[in-house]
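*Asks:*
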Amino acid sequence: MTFSLLSLVVDAADLEGESSFWHRLLGGTVTRTATHHFLQIDGFPVIVIQHAPGHVPPRWPDGISQQLHVDLATDDVAGADERVRAAGGTRLSPAGVYASPAGHPFCVRPA
């Protein structure tokens, strides 16, 4: 038996805000249903935003453990900060740790 990654699913109270952020950052297309937004790149659903009305963003890094986070690679680490924040992300640390609008942490690393 083998497994392959189908997609990464993230919870968000604001479907449009979260899917728009990932779309602005990664490109691709967004397909919307009432309960899920599917960000697809090259036809593959990379990130699925699942409506979770009670979702409360974690308060990183004050002791709330991360259950999962995404690492993004870039060939322009210096320009990544501006792009992430222009897309609606928040810088959490100068070491390349950010949060999406729903508070999901992710890292930006050199490719």
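Here our numbering is used: the first residue of the sequence shown is 7, the next is one more, and so on.
Note that the Cβ used here is the ideal one computed from N, Cα and C, for glycine as well.
Keep in mind that this is a model prediction, so the values were computed, not measured.
#1: Work out the CA separation of residue 62 and residue 25 for me, nearest whole Å.
#2: Smallest Cα separation from residue 16: which of 31, 38, 36 and 42?
#3: Kindly identify the DSSP beta-bridge partner or partners of residue 43.
#4: Quick check: the stretch 27–35 against the stretch 49–59, are there 3 or more CB pairs under 8 Å?
#5: Shortest alpha-carbon distance to residue 115 belongs to which of 86, 14, 18 and 47?
#6: Does residue 83 pass the burial test, meaning 16 or more other C-beta atoms within 10 Å, or should it be called exposed?
*Replies:* A quick look at the data gives this:
#1: Near 16 Å, if we compare the C-alpha coordinates of residue 62 and residue 25.
#2: Relative to residue 16, the option among 31, 38, 36 and 42 whose CA is nearest is 42.
#3: In DSSP, residue 43 forms a bridge with 38 and 55.
#4: Touching, yes.
#5: Residue nearest to residue 115 within the set 86, 14, 18 and 47 is 86 (criterion: CA-CA distance).
#6: The residue is exposed, with fewer than 16 neighbouring Cβ atoms inside 10 Å.
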